[in-house]
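Student:
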Amino acid sequence: MAKILCVLSAIVFVVKTDDVSEFNATITAVNITLNSTVNRTIAFKTPVFSLFSTTTTTKANKTVLGKKNMRKRNVDVKRIDQDEDGKHETKNGTADVKKETELPYPEPCRHTEAQTRRGTGTPRHRHTEAQTRRGTDTPRHRHTEAQARRGTDRPRHRHAEAQARRGTGTPRHRYAEAQTRRGTGTPRHRHAEAQARLGTDTPRHRHPEAQARRGTGTPRHRHAEAQARRGTGTPRHRHAEAHRHAEAQTSCFEIVGAFQISCADCPPLGLKSLRVDDSQFQASSYLRMGLGPHRARLNIQSGIEDGDMYDGAWCAKYEDQYQWLQVDALRPTLFTGVILQGRNSIWSWDWVETYKVQLSNDSETWKTCMNGTEEAVFVGSRNEPETPYLALFPQPAVARWIRINPQTWYWNGTICLRAEVLGCPLPDPDNVWQHLSEKLSGSKDNLDFRHHNYKEMRKLMKAVNEDCPRITRIYTIGKSYTGLKLYAMEISDNPGKHELGEPEFRYVAGMHGNEVVGRELVLNLMQYICREFRRGNPRIVRLVTSTRIHLLPSMNPDGYETAFERGSELAGWALGRYSYEWVDMNHNFPDLNNIMWDAKENDTETVKTANHYIPIPEYYTKEDAFVTPETRAVISWMQDIPFVLSANLHGGELVVTYPFDCTRDWAPQENTPTADDSFFRWLAMVYASTNLVMANPDRRICHSEDFQQHNNIINGGAWHTVPGSMNDFSYMHTNCFEVTVELSCDKFPHASELPTEWENNKESLLVYMEQVHRGIKGVVRDKMTKKGIADAIVKVEDLDHDIRSAADGDYWRLLNPGEYKVTVWAEGYFPSMRRCSVGTEARPTICDFILIKTPRQRMNEILAKGGRLPQDLQLKLRAMRLRKLRVSTKAINQRRERSRKARGTRSARAPRPLTPLA
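Counted the way mature numbering (1 follows the signal peptide of the UniProt record, and there is no 0) counts, the sequence shown spans residues -17 to -1, 1 to 901.
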């Protein structure tokens, strides 16, 4: 009686609204204590999840009430309780409080209807919404299986499968499929699908859905869900939940309360992307700290040596089937699958071959994921440890904790794995403001945050060009091995033309095809600059009008398409990294470092040794040189445009590296600075200090190296030697300064991570571009004609790296603040020297030079003595080698095009198989 009085005294206010998409609702909760049994009832502004719970001996019961009818917004909320048999009944004011589990989530991985068929579930776990819709659950109309257990039905009405098991049913009423197998059923009562195949069914017994399509079924036999909508069906003749279950198996949609969630849309939990914190991992045991549960992240990389603190997997201490890895999602989550991978190690060979999955709502009571009446066993890694393998659950399930329980593993290894978990986070009844923080964690910029394959990338670039035709231009710099064009976008106030004194800037992304963050950031940057320029953002307007910006989103489109086909979680660590010919393009540029170092060692007069504009080696220009068409295209692009500053966008770490990337004497690791080391450090620090993740002192180490001790910047050679890198080639063959930015720990993050990646890098991308205006700039002109002098050498005292003027005579020399003595000379002119001061502001100091030609009398004297006029042989050699490279590239492209056309002709001439007439 005390319980009844307490229940009657509880008042729950339901807030009505027309906007069901917002979650910031007024919530009224009434807490009722009934002899230490807590019953918490919460009414939400929006329709909430109608969830099931299993009967246990705990004393806590949380029931979440929502709108039971999605089609009617204003409804009366009635109390729904369960009788001892699990039947939901609507009562007015009185109820028996049952002891249920702590959290209102369904028994993991078991579909209620599937439980009923297997005999493993009770009607107490049936779908509440279906029971509410029927509202006619008298003993006559109650679910036949419940009737069979209560003994209130006649054999005629008992569940056919139960009859078949007990032998109390007649063939007329036995389960149709069982009848078909035994041959004791007539066509009239056989399974509808079998009848349809045999053609012996009547409209009366045809499949309800087929009847609905043909219009031959009566309301008595029509599809149960349609009947429920029309209110003409009874539970006696149909079960809507069975139809929903079959549909979920086909299209993989899960209906949770008032929400429909596609299994394919559930993103990764965030083990790979580090959104899941180390503290959320637990394990039954681990071999050592370096192989602890926090290392069980998909694609995590180990160090060079095994046995340190940063190994490449979680490994169990014991080799038995009682080992497990556990992840706490911190909130109710609809789990849909697991991706597994073996251990990353140079020296060890370990992976898990099969495993089970267990789920829990309280981390104490665990339920194994089921496949029918048996525990589901999922397949893990096969034959090697690096390829990720996806296993989708037979039925998605809601829980908070998930465990991976290895069953078998590589016979010559031990239990080691890396994993990712797929799941849709659900609203937490105890944290109604949660969605607000999630909303704020994305991006405020309305950009196209998704992965773009080749066709979608072209569409996006075309859309940006159509939105901002006055400041954008799309052009191609070449083609990939498979013929995909290398598209670039120019953003300038005068696109298509180099303006005197305006520096040229470039971003190159996608050199490694599977490192996709840079690709998407460059595409987002195009959209952002276009939109903000149209809005009149003064910072963007100033940047566009003073800089000629070039954006190459995909240098390796062939590799990207390979990775894109597998997807963000299944591409692994290396799939798509290389070109179509399996070449790492960041090792494919000419190695000019060793040419320069060898020349300095062999030349006694170091002043004669070239320190810039070093020509391409002869072997590199030949047709049989192992140079990718993408690399050739980029080299030609560098020659055509006088770039001043660039960044090469990569992924897989969080660090900015600067030249030299190649070490002397092939040392694996050695700090190898350039003459402009201080300015390169400045450039790297500008990007790293404005990147939201790199600047976070509490961030986790990506894999095995702590770059925070270096302020997230490092000399390329000090990290690892990279001969033939684009950074070094750009610095030594052209005027352009270039750094490499490792943007993210995750090379190929899920699309849901892209807004965060944009916010982390937006300011860095903009402020780095602005650095192109530091140092000095000017024009080198002829005193008599006032025309610009091309290829004039600009030398800064005490800096052993020179630059050249562009075709119009303008130049840009990036320098840190300070006083500099600058000398300029050109072939046939006297040198000129002046002092230039560079300030701390992000704008260049103007230093123009006027050169005077050498007197003809002096030239004649030299020729009369049999001497030769000084010539810039290095410049001529450089130009000659470039011509050879372009000739060989053209020949290779023509040969490849002829081969492609020949293959197309052969395939067109091949006889096609005859197809039968319809």
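Here a beta-carbon is modelled for each residue, glycine too, at the ideal position from N, C-alpha and C.
Owing to the predicted nature of the structure, the values given are computational and were not obtained by experimental measurement.
Roughly how many whole angstroms lie between the Cα atoms of ARG883 and LEU534?
Tutor: 29 Å
Student: Who are the near neighbours of LEU467 in its chain, counting only those whose CB is closer than 8 Å to its CB and skipping five residues on each side?
Tutor: TYR437, PRO540, ASP541 and GLU544
Student: Can you tell me which residues form a DSSP beta bridge with MET353?
Tutor: GLU358
Student: Starting from the Cα of GLY363, find the closest Cα among VAL381, TYR372 and VAL404 and give me that residue.
Tutor: TYR372
Student: DSSP beta-bridge partners for PHE318?
Tutor: PHE318 is bridged to ALA380 and GLY406.
Student: On the three-state DSSP scale, how would you describe ASP345?
Tutor: coil
Student: In whole angstroms, what separates the C-alpha of HIS142 from that of LEU409?
Tutor: In this prediction, HIS142 has a pLDDT of 45, which is less than 50 and means its spatial position is unreliable; what the coordinates show is noted afterwards. In this structure, the alpha-carbon of HIS142 lies about 36 Å from that of LEU409.
Student: Quick check on CYS685: buried or exposed, where buried means 16 or more other Cβ atoms within 10 Å of its Cβ?
Tutor: buried
Student: Can you grab the Cα-Cα spacing for the pair GLN263 / HIS434, in whole Å?
Tutor: 29 Å
Student: Between GLU810, ASP711 and LYS867, which has its C-alpha nearest VAL722's C-alpha?
Tutor: ASP711
Student: Below 6 Å CB to CB, which residues in the same chain sit around PHE361 once its five sequence neighbours on both sides are set aside?
Tutor: TYR338 and ALA374
Student: Closest to TRP556 by CA distance: which of ASP291, LYS766, GLU369 and ASP345 is it?
Tutor: GLU369
Student: Label ASN395 either buried or exposed according to how many other C-beta atoms from any shown protein chain fall within 10 Å of its C-beta, with 16 as the threshold for buried.
Tutor: exposed
Student: Rounded to whole angstroms, what's the CA-CA distance from ASN679 to ILE696? Just pull it up for me.
Tutor: 14 Å
Student: Give the secondary structure of GLY811 by DSSP, where H, G and I count as helix, E and B as strand, and everything else as coil.
Tutor: coil
Student: By the three-class DSSP mapping on this structure, what secondary structure does VAL705 have?
Tutor: In the structure shown, VAL705 sits in coil (DSSP, three-state: anything other than H, G, I, E or B).
Student: Using the beta-carbon count (16 or more within 10 Å), is THR704 buried or exposed?
Tutor: THR704 is buried by the Cβ-count criterion.
Student: Just checking my contact of LEU628 with LEU797 at CB under 8 Å: how many whole Å lie between their CB atoms?
Tutor: Separation of the CB atoms of LEU628 and LEU797 is rounded to 7 Å, and the pair is thereby assigned contact status at 8 Å.
Student: I need the straight-line Cα distance from ALA734 to GLY493, nearest angstrom please.
Tutor: 17 Å
Student: Rounded to whole angstroms, what's the CA-CA distance from TYR277 to PRO452? Just pull it up for me.
Tutor: Before going on, a small fix: residue 277 reads as His here, not Tyr. HIS277 and PRO452 have their C-alpha atoms roughly 50 Å apart.
Student: Taking DSSP's pairing of strands, which residues face VAL755 in a bridge?
Tutor: Its beta-bridge partners do not exist; DSSP assigns none.
Student: Cβ of ASN631 within 9 Å of Cβ of ALA701?
Tutor: No, the Cβ-Cβ distance between ASN631 and ALA701 is not below 9 Å.
Student: Could you tell me how far apart the beta carbons of LEU637 and SER727 are, in whole angstroms, since I believe they sit closer than 8 Å?
Tutor: 7 Å
Student: In the DSSP output, which residue or residues are listed as bridge partners for ASP793?
Tutor: Partner(s): VAL762.
Student: Which partner residues of TYR714 appear in the DSSP bridge assignment?
Tutor: Paired residue(s): none; TYR714 is not in a bridge.
Student: Whole-angstrom Cβ separation of THR316 and CYS407, contact assumed at under 8 Å?
Tutor: 7 Å
Student: According to DSSP, is TRP334 part of a helix, a strand, or is it coil?
Tutor: In the structure shown, TRP334 sits in coil (DSSP, three-state: anything other than H, G, I, E or B).
Student: ASN654 lies in the beta strand (DSSP E); which residues open and close that run?
Tutor: Where ASN654 is concerned, there is no enclosing beta strand (DSSP E), given that its DSSP letter is neither H nor E.
Student: So what does DSSP say about ALA775, is it helix, strand or coil?
Tutor: coil
Student: Can you check which of these residues, ILE454, VAL500 and THR348, is closest to PHE516 by C-alpha distance?
Tutor: ILE454
Student: Alpha carbon to alpha carbon, how far is ALA78 from GLN390?
Tutor: In this prediction, ALA78 scores a pLDDT of 35, lower than 50, which makes its location untrustworthy; no coordinate-derived value is stated.
Student: Please state the DSSP three-state secondary structure of TYR305.
Tutor: DSSP places TYR305 in coil when its eight states are reduced to three.
Student: Indicate the three-state DSSP secondary structure (helix, strand or coil) for MET292 in the structure shown.
Tutor: coil
Student: Apart from the five residues just before and just after LEU737, which ones in its own chain have a Cβ nearer than 6 Å to its Cβ?
Tutor: PHE432 and GLU503
Student: Sorted by chain position, which residues of the same chain lie with C-beta nearer than 6 Å to ILE505's C-beta, five sequence neighbours on each side aside?
Tutor: According to the sequence provided, residue 505 is Val. The question's Ile does not apply to it. So the qualifying residues of the chain are TYR490, ALA492, LEU534 and PRO536.
Student: Since ASP781 and ALA809 should fall inside the 8 Å C-beta cutoff, what is the C-beta to C-beta distance between them, to a whole number of angstroms?
Tutor: 22 Å between Cβ atoms; not a contact.
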